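Contents: one structure, followed by commentary.
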Amino acid sequence: MDGNLAERLAQIRAGREKWMQERQLEQDRKEVVESLHTMAFQDQSPPGSGEKGVTSSSSGPRHPPPAAASLLAPEEIINSITERIADRIRAELQCQVQQEKQKAADGQVMATKKLDSYLASEIESHTCPICYELMAPPRHSPILLFPCGHSFCAQCIAVHTKTNQKKTCPYCRCKIESQATNVALQQLIQNFVTKKNTLGSDGSASRREGGTEGERGGTKSGLGIERRRDDLLRRRGGVQSSWSASGPTTVIGGVNDFNSVHRRQEDEAGGTRERDEELEGECERFTRELQKVETRCIVLQNELHDTIADKAAAVNALHIAELVLDHLRSEEVESASKVKRMLLEMEVIRTQVDEQEKKHALLSQTLKDIDTKVDLICRALQPLTNERNKLELLLQSSNTKLSSVPCD
1 MDGNLAERLA QIRAGREKWM QERQLEQDRK EVVESLHTMA FQDQSPPGSG EKGVTSSSSG
61 PRHPPPAAAS LLAPEEIINS ITERIADRIR AELQCQVQQE KQKAADGQVM ATKKLDSYLA
121 SEIESHTCPI CYELMAPPRH SPILLFPCGH SFCAQCIAVH TKTNQKKTCP YCRCKIESQA
181 TNVALQQLIQ NFVTKKNTLG SDGSASRREG GTEGERGGTK SGLGIERRRD DLLRRRGGVQ
241 SSWSASGPTT VIGGVNDFNS VHRRQEDEAG GTRERDEELE GECERFTREL QKVETRCIVL
301 QNELHDTIAD KAAAVNALHI AELVLDHLRS EEVESASKVK RMLLEMEVIR TQVDEQEKKH
361 ALLSQTLKDI DTKVDLICRA LQPLTNERNK LELLLQSSNT KLSSVPCD
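What follows is the structure in structure tokens.
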């Protein structure tokens, strides 16, 4: 339905344009014929009547008398109409040249913008699949994993391998045997970051180059104008030969119809190319975004699988911890009962110790008393011992003396 409506509108516009061109051609033809008739009438009028004839021709209806019509040759009418058509085509071609220059400049600007956007999108594609940060050194230097060949930023891969203690690639789950800095990618990103501030000056230079290309295109268009003018002059004889058969309106209308159709086809082709370029740009952009999203989804799915595995391990460890906790609690209860029994035993032992301490103190005191008594007895016995020894010595001495006395 939309296609039929668009086709109908195009037909209406084409018919209106054709009618306007035919109307303009008819008016031009009438003006040329009237001007030629006026010039012929002035040439044939007697002296002194030219001013009056001019006044009457300009003030009254512009229809020459029948006598002057026979003086006009078809070649003169064709030459005048051809010159008018050539002037009009020259003006139209000059407008087309200006438009082509503007289109060339705009196309160069658009090409520069597309190139800048393409470079930016290419650099943006070199972001870390985990954190989406541009892998620019030093914190986010691109790290190449071996043997899988995937690249991640240094910060994310450090967290993945060191903090989380994982030894597999976050994307393909391949075992990481070694890793190194992706020097080529790092150099590319460094160059992009370094030249990012100079993109404005580069864009100005590109626009200046675009203006030069536009001038070249204008020169080529000017050559095209000359070629078309020469072709128009070459075909002048053909127009004169076809004058008597079809008349000026049909011949000139066919030329202008061809030009209008050609312009319309060029406009439609340009619009189709622009739409195709826009669709291609959108497809490329959507493809890059889809690749980024797919990469991110794969990384997150792998992370989800790892998290689920960690959860299962945590659940198992929690179950074991609960078993150990129950065992420790039972041992705690048992130890508490043992402690209670030991406290009771300690109370009994403490009571016995107190009793033994009292008994020990009593016996110690008794022993001290006995020692004191022994000391006293020893002290009392010492003089007696000395006295006994003395008496024994005296007795012995007396016995000796007694034995030495002779018996009578």
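UniProt numbering numbers the first residue of the sequence shown as 1 and each following residue consecutively.
For glycine and all other residues, C-beta sits at the position ideal for the given N, C-alpha and C.
Quick caveat: nothing in here was measured; it's all calculated off a predicted structure.
In this structure, the straight-line span from the alpha carbon of Glu392 to that of Lys401 is close to 14 Å. Taken through DSSP and simplified to helix, strand or coil, Gln186 comes out as helix. The straight-line gap separating the alpha-carbon atoms of Glu26 and Glu274 is approximately 37 Å. In the assembly as shown, Pro383 is an exposed residue. Its beta-carbon has fewer than 16 other beta-carbons within 10 Å.
A residue is called buried when at least 16 other Cβ atoms come within 10 angstroms of its Cβ; Ile130 meets this threshold and is buried. Shown here, Ile130 sits in coil according to DSSP, grouped into three states, outside any helix or strand. Under a 10 Å Cβ-count criterion, Asn164 is classified as exposed, with fewer than 16 other Cβ atoms of the shown protein chains found around its own Cβ. Cys153 is bridged by DSSP to Pro142.
A distance of 8 Å or more separates the beta carbons of Leu145 and Gln187.
Gln352 and His360 have their C-alpha atoms some 12 Å from each other. Cβ atoms of Cys148 and Cys172 come within 8 Å of each other, at about 5 Å. Going by DSSP, Thr181 is part of the beta strand (DSSP E) stretching over Ser178 to Thr181. Here Cys156 has Cys128, Ile130 and Cys131 as same chain residues with Cβ atoms under 6 Å from its own Cβ, once five neighbours each way along the sequence are excluded.
Rounded to the nearest whole angstrom, the CA to CA distance from Leu328 to His319 is 14 Å. For Glu22, the closest of Arg8, Leu9, Asp375 and Ile85 by C-alpha to C-alpha distance is Ile85. Assignment of Lys175 by DSSP, reduced to helix, strand and coil, places it in the strand class. Considering only Glu347, Lys114, Thr161 and Asp28, the residue with the shortest C-alpha distance to Arg285 is Lys114.
Sixteen is the threshold: when 16 or more other Cβ atoms of the shown chains lie within 10 Å of the Cβ of Ile189, as they do, the residue is buried. Inclusion of Thr168 and Cys174 in the CB contact set at 8 Å is warranted, their separation being smaller than that value. With a 10 Å radius around the Cβ and a threshold of 16 neighbouring Cβ atoms, Met346 comes out exposed. Residue pairing of Thr168 in beta bridges, as defined by DSSP: Lys175. In this structure Thr366 is exposed. Its beta-carbon is surrounded by fewer than 16 other beta-carbon atoms within 10 angstroms.
If you check the CB distance, Val315 and Pro170 do not come in under 8 Å.
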